[in-house]
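As structure tokens, the structure follows; a few thoughts come after it.
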Amino acid sequence: MATRHFLTLLDLSPEELHYLIQRAITIKNRLRAQGPTYAPFTNRTLAMIFEKSSTRTRVSFETAMAHFGGHALFLSPRDTQLGRGEPIEDTARVLAEMVDIVMIRTFSHAGLETYAGSSRVPVINALSDDYHPCQLLADVMTWTELRGSVRGRTAVWIGDGNNMCHSWINAARQFDFQLRVCCPEGYEPRQDILEAAGDRISLMRDPDEAVVGADLVTTDVWASMGQEEEQAKREADFAGFQVSEAMLDRAKPDVLFLHCLPAHRGEEISETLLDDPRAVVWQEAGNRLHAQKALIEFLLLGRVDH
Numbered sequence: 001m002a003t004r005h006f007l008t009l010l011d012l013s014p015e016e017l018h019y020l021i022q023r024a025i026t027i028k029n030r031l032r033a034q035g036p037t038y039a040p041f042t043n044r045t046l047a048m049i050f051e052k053s054s055t056r057t058r059v060s061f062e063t064a065m066a067h068f069g070g071h072a073l074f075l076s077p078r079d080t081q082l083g084r085g086e087p088i089e090d091t092a093r094v095l096a097e098m099v100d101i102v103m104i105r106t107f108s109h110a111g112l113e114t115y116a117g118s119s120r121v122p123v124i125n126a127l128s129d130d131y132h133p134c135q136l137l138a139d140v141m142t143w144t145e146l147r148g149s150v151r152g153r154t155a156v157w158i159g160d161g162n163n164m165c166h167s168w169i170n171a172a173r174q175f176d177f178q179l180r181v182c183c184p185e186g187y188e189p190r191q192d193i194l195e196a197a198g199d200r201i202s203l204m205r206d207p208d209e210a211v212v213g214a215d216l217v218t219t220d221v222w223a224s225m226g227q228e229e230e231q232a233k234r235e236a237d238f239a240g241f242q243v244s245e246a247m248l249d250r251a252k253p254d255v256l257f258l259h260c261l262p263a264h265r266g267e268e269i270s271e272t273l274l275d276d277p278r279a280v281v282w283q284e285a286g287n288r289l290h291a292q293k294a295l296i297e298f299l300l301l302g303r304v305d306h
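Note that the UniProt record's numbering has the sequence shown beginning at 1, numbered continuously upward.
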């Protein structure tokens, strides 16, 4: 069977993604009922290559492998030959001789594609400058747990047209919901990603208008990793785009609020928004563990029906 990679949500079919969400929920419920007794990854190793710092990604992937009986290796550019200029393709070939699966958290999505192109073991995008698909698995899982099927529902993205926004656009395509992207002029998502999603995406400028009747509202920091020098300009450009309790009041009564975290209180969200019961960010963060278990299991073992 050809090696499967997970670099964007488009690498899996809609039907496979629906399977992953349901499988993640099953895995989560089993863990709560029985503890970590299911160990399909005995003697399996995940290599974790980090070029960007992380809390949720590292902890969730390491814990996933430990719970499933496997092992995770943390690799940073400071500690590997990648940091000394070894070609990406050479590292990919070497690691494929030693580990079963690779997770990469990096800057360049093109570099990630180059790595995957030379790897004969599965490669997971744990974040690149263009996409963050693992986060979307956890997000859709959370939405599904709390509200059932997301098909035909309406989500609103407020903020920068960044890697998270791109993955939300792909999610709208794959899970068949409507997405309103609300951003200031000059901060739109990539045009090719927008166009590929067709009429599932609406581009808007007024956040208060965008959230009316929405089932879900989500946002991200205004300055992502590597954009810190733009912080002051972005704060000015994003004035009026802060998500607050009052803004959520304009959405549906049972609206959910998501944020991939870490959050900057007083910037993209109000100081107290994460204390609002409509904000389910801690469940969302915890679901990274279960969604990634389901993903690794799928890439290594295929479908599992128990």
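We put the CB at the ideal spot given by N, CA and C, even for glycine.
Just so it is clear, the structure is predicted and the values come from calculations on it, not from any experiment.
Using a Cβ-Cβ cutoff of less than 6 Å, which residues in the same chain neighbour residue i once the five nearest sequence positions on both sides are dropped?
| i | result |
| --- | --- |
| Phe-74 | Met-48 |
| Cys-182 | Ile-158, Met-204, Pro-207 and Ala-210 |
| Arg-180 | Val-156, Ser-202, Met-204 and Ala-210 |
| Pro-14 | Gln-174 |
| Ala-24 | Met-141, His-290, Ala-291 and Ala-294 |
| Asn-162 | Ser-224 |
| Leu-258 | Asp-139, Thr-218 and Glu-284 |
| Arg-120 | Thr-3 and Ala-96 |
Use the C-beta contact count for residue i: other C-beta atoms within 10 angstroms, 16 or more gives buried, fewer gives exposed.
| i | result |
| --- | --- |
| Val-212 | exposed |
| His-18 | buried |
| Pro-184 | buried |
| Asn-43 | exposed |
| Leu-146 | exposed |
| Trp-222 | buried |
| Gln-242 | buried |
| Gly-29 | Note that residue 29 is Asn in the sequence shown here, rather than Gly. When all chains shown are included, Asn-29 counts as exposed. |
Checking 8 Å against the spacing of the C-beta atoms, do residue i and residue j come in under that value?
| i | j | result |
| --- | --- | --- |
| Leu-274 | Ala-285 | no |
| Leu-256 | Trp-157 | no |
| Glu-188 | Thr-219 | no |
| Leu-299 | Arg-4 | yes |
| Ile-296 | Met-141 | no |
| Asp-130 | His-109 | yes |
| Thr-57 | Leu-137 | no |
| Arg-288 | Ser-60 | yes |
| Met-98 | Gln-135 | no |
| Asp-79 | Thr-45 | no |
So residue i is in the beta strand (DSSP E); what residue range does that whole segment cover?
| i | result |
| --- | --- |
| Ala-47 | 45-50 |
| Cys-182 | 178-182 |
| Thr-114 | Taken as a continuous stretch (DSSP letters only), Thr-114 belongs to no beta strand (DSSP E), being part of the alpha helix (DSSP H) at 109-117. |
| Ser-202 | 201-204 |
| Asn-125 | 123-127 |
| Ile-104 | 101-105 |
Quick one: what's got a C-beta closer than 7 Å to residue i's C-beta in the same chain, skipping five residues either side?
| i | result |
| --- | --- |
| Glu-51 | Pro-77, Arg-105, Thr-106 and Phe-107 |
| Pro-133 | Phe-6, Thr-8, Leu-9, Asn-125 and Ser-167 |
| Ala-39 | Phe-68 and Gly-69 |
| Thr-114 | Ile-88 and Glu-89 |
| Glu-62 | Ala-72 |
| Gly-111 | Ile-88 |
Cutting at 8 Å between CB atoms, please list the residues of its own chain near residue i, excluding the five before and the five after it.
| i | result |
| --- | --- |
| Ala-172 | Ala-155, Gln-178, Leu-179, Ala-197, Arg-200 and Ile-201 |
Where do the ends of the alpha helix (DSSP H) carrying residue i lie?
| i | result |
| --- | --- |
| Arg-30 | 14-34 |
| Ala-246 | 245-248 |
Taking contact to mean at least 3 C-beta pairs separated by less than 8 Å, is the region 85-97 in contact with the region 65-72? Taking 8 Å as the limit for Cβ pairs, the verdict is that the region 65-72 does not touch the region 85-97.
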